[in-house]
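Only one structure is covered here, and it is reproduced in the block below.
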Amino acid sequence: MKLGMNLLLWTTEVQEEHYPVIQSLKQCGFDGVEVPVAPGTEADFGVHGRVLDDLGLERTAVFALDDQANPISEEARVREAAVDALKEAIAKSRALGATRLVGPFHSAYKTFSGSGPTEDERSRSADVLRRAAEEAEQAGVVLAVEPLNRFECYLMNTVADARAVIDRVDHSHCGILYDTHHMHIEEKDVTDAVRRASDRIAHVHVSESDRGTPGSGQVAWVDTFRALQASGYDDWLVIEAFSRRDADFASAIHIWRDFDPFDEVWHQGHAFIRETWRRTAL
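Sequential numbering of the sequence shown, starting at 7, is according to the numbering used here.
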């Protein structure tokens with residue numbers, strides 16, 4: 007298992023001022039960081055990649071789409087914008103040296119139709135993702151697509167919803183991101199959820215029920231880790247926690263308070279995930 011830390015706890019746009027934070031994560035014992043794909047050039051992401059190389063940290067990348075580039079739109083030009091946005095994110099991920107590009111880019115974030123997903127919408131999403139996966143394969147990047155809870159999207163809320171699209175994509179470079187926060191809300195049995203997704207899981211976010219310090223809330227950590235280990239998963243676990251440090255981003259994802267003392271989120275989260283994964287594997 008490799009343990010990473012999502013930098014969205016600090017920022018949506020990594021800058022030189024964040025390099026000391028990244029160095030602290032290395033000192034804490036993290037194997038890598040998850041970098042938001044933000045505005046900027048491939049060259050900018052190449053600079054971040056060289057800094058991470060010098061620190062001996064691996065990296066993944068995280069990305070989302072808005073309603074101007076919605077893969078499930080009825081309008082072809084909007085779907086084409088989604089393909090272009092994903093290709094750009096893949097290029098930046100490659101420049102960064104990331105092995106994964108992850109996130110809820112199956113559809114536009116918090117864009118609702120007023121009803122559940124249709125077969126046409128699933129097909130449109132799969133078509134966009136397949137084209138992106140072909141690009142990702144050339145770049146040496148794996149896509150991991152994230153089902154979200156019902157308050158943040160409607161196309162993918164559960165493992166079954168995710169498989170309904172990802173199985174249609176049917177590409178070696180497109181899998182499922184399993185997020186413990188969202189599945190805590192949407193799945194009745196996390197052991198069964200992991201089992202049903204096991205052959206498609208390409209990435210895991212370890213995120214507490216309240217988005218605070220892992221281990222401090224209600225997520226069924228032992229059951230989840232046992233199920234992942236039983237499935238043979240032994241890859242990235244990335245802590246995803248949020249704060250109010252970037253007020254605009256926090257408001258967009260409905261974070262209205264800081265949940266725990268800030269440094270505890272990643273210090274104690276690191277120790278908890280490492281120990282729980284080790285103990286579960288015994």
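Quick reminder that beta carbons are idealized off the backbone N, C-alpha and C, glycines included.
#1: For the candidate residues L149, A70, L58, whose alpha-carbon lies nearest to that of A114?
#2: Just tell me which of H112, S119, P153 has its CA closest to the CA of R136.
#3: Checking 7 Å against the spacing of the C-beta atoms, do W227 and T282 come in under that value?
#4: Where R85 and A91 are concerned, what is the direct C-alpha to C-alpha distance, given to the nearest angstrom?
#5: Which one or two residues does DSSP pair with L9 in a beta bridge?
#6: Is it the case that the stretch 253 to 269 contacts the stretch 199 to 209, given that we only count it when at least three CB pairs across the two stretches are under 8 Å?
#7: Please state whether DSSP places I172 in a helix, a strand or coil.
#8: Using the C-alpha atoms, what's the distance from A49 back to E140?
#9: Under the assumption that A247 contacts G275 (Cβ atoms under 8 Å), give the Cβ distance between them as a whole number of angstroms.
#10: So within the stretch 106 to 155, which uninterrupted beta strand (DSSP E) runs reach at least 3 residues, ignoring any that extend past its ends?
#11: So, for D72: in the same chain, excluding its five sequence neighbours on each side, which residues have a beta-carbon less than 7 Å away from its beta-carbon?
#12: So, is E23 buried or exposed, given that buried needs 16 or more other C-beta atoms within 10 angstroms?
#13: Specify, as a first and last residue, the run of the beta strand (DSSP E) that L234 falls within.
#14: Give the straight-line distance between the Cα atoms of A82 and E127, rounded to the nearest whole angstrom.
#15: With a CB to CB cut of under 8 Å and the five nearest residues on each side skipped, what residues in its chain are close to T219?
#16: To the nearest angstrom, how far is the alpha carbon of S249 from that of V20?
#17: Grab the span of the beta strand (DSSP E) containing H211 for me, first residue to last.
#18: Any idea if P42 is buried or exposed, counting beta-carbon neighbours within 10 angstroms, 16 or more meaning buried?
#19: Taking G52 as part of the alpha helix (DSSP H), name the residues at either end of that continuous run.
#20: Just list the residues that DSSP pairs Y184 with in beta bridges.
Quick look at the numbers:
#1: The residue labelled residue 114 in the question sits at position 108 within the sequence shown. Selected option, being the one with the closest Cα: A70.
#2: On the sequence shown, residue 136 is found 130 positions in, with the first residue counted as 1. Residue H112 is the option with its Cα nearest to R136.
#3: Working through the sequence shown from its first residue, we reach residue 227 at position 221. Working through the sequence shown from its first residue, we reach residue 282 at position 276. Result yes, Cβ atoms of W227 and T282 sit closer than 7 Å.
#4: The residue you call residue 85 lines up with position 79 of the sequence shown. The residue you call residue 91 lines up with position 85 of the sequence shown. Straight-line Cα distance between these residues: approximately 10 Å.
#5: The residue labelled residue 9 in the question sits at position 3 within the sequence shown. Bridge partners of L9: L243.
#6: no
#7: What you label residue 172 is simply residue 166 of the sequence shown in a count that begins at 1. It is helical.
#8: As a working mapping, residue 140 is identified with position 134 in the sequence shown. As a working mapping, residue 49 is identified with position 43 in the sequence shown. If I take the Cα positions, the gap works out to 23 Å.
#9: Looking up residue 247 in the sequence shown gives position 241. Looking up residue 275 in the sequence shown gives position 269. 7 Å between Cβ atoms; contact.
#10: 106 to 109, 148 to 151
#11: Taking the first residue of the sequence shown as position 1, residue 72 is located at position 66. Answer for D72: A114, Y115, listed in chain order.
#12: The residue you call residue 23 lines up with position 17 of the sequence shown. The residue in question, E23, is exposed, as its Cβ has fewer than 16 Cβ neighbours within 10 Å.
#13: For the purposes of this step, residue 234 is taken as residue 228 along the sequence shown, with counting starting at 1. It is not in any beta strand (DSSP E) - L234 instead sits in the alpha helix (DSSP H) that spans 227 to 236.
#14: Working through the sequence shown from its first residue, we reach residue 82 at position 76. Working through the sequence shown from its first residue, we reach residue 127 at position 121. Answer to the nearest angstrom: the Cα atoms are 12 Å apart.
#15: Here residue 219 is taken as the residue at index 213 of the sequence shown, counted from 1. So the qualifying residues of the chain are A247, F265, D266, E270, V271, Q274, G275, F278.
#16: As a first step, residue 249 must be located in the sequence shown, where it is residue number 243. As a first step, residue 20 must be located in the sequence shown, where it is residue number 14. Taking the straight line from one Cα to the other gives about 15 Å.
#17: Here residue 211 refers to the residue found at position 205 when the sequence shown is read from its first residue. Counting along the chain, the beta strand (DSSP E) containing H211 begins and ends at 207 to 212.
#18: Walking along the sequence shown from the start, residue 42 turns up at place 36. Under this definition P42 is a buried residue.
#19: Walking along the sequence shown from the start, residue 52 turns up at place 46. It spans 48 to 61 - the alpha helix (DSSP H) in which G52 sits, taken as one unbroken run.
#20: Locating residue 184 in the sequence shown gives position 178, where the first residue counts as 1. Looking at the DSSP assignment, Y184 forms a beta bridge with V210.
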